[in-house]
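In the working numbering, the protein residues as written are 31 to 197.
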């Protein structure tokens with residue numbers, strides 16, 4: 031029943047089988063560890079790539095912001111130069127309106143001749159008078175209607191066709 035010879039031969043076969051199973055388990059674990067190392071390396075590489083791209087984006091945004099600031103400064107200088115030149119021409123317009131008034135044209139006549147509103151004609155006339163009187167200054171607000179833009183009166187609108195939009 032308990033034959034030691036039979037037990038040894040049975041254990042010998044089991045021992046070989048057990049060694050094979052252990053070897054197989056070790057190989058499986060080694061493969062899993064290798065897969066995990068590759069996964070960790072891939073994740074680490076992806077994190078490095080992410081931060082490298084973030085740095086590149088940051089550098090590009092800073093360069094863009096510097097260029098935009100420089101362009102805005104340039105635009106501001108151009109706007110200031112244009113405003114100065116425009117002010118000179120507004121003064122010329124005001125002086126011309128003042129001369130018209132000195133020659134006997136009233137505000138209605140000036141508005142009709144220049145195709146501007148009565149308000150615009152009065153403003154130009156006031157500016158022209160102030161220009162001739164030293165020490166009196168007038169201000170031109172940007173929100174006011176442009177004085178040099180022709181205004182269509184009801185009478186002139188009936189006489190001539192309206193221009194097509196987009197021209």
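Just so it is clear, CB atoms sit at the ideal spot from N, CA and C, and this is done for glycine as well.
Rounded to the nearest angstrom, the gap between the Cα atoms of residue 125 and residue 154 is 8 Å. When secondary structure is reduced to three states using DSSP, residue 105 falls in the helix class. Per DSSP, reduced to three states, the secondary structure at residue 133 is coil, with no helix or strand assignment. Taken through DSSP and simplified to helix, strand or coil, residue 91 comes out as helix.
In the three-state reduction of the DSSP assignment, residue 116 falls in the helix class, which pools H, G and I. In this structure, the straight-line span from the alpha carbon of residue 66 to that of residue 83 is close to 25 Å.
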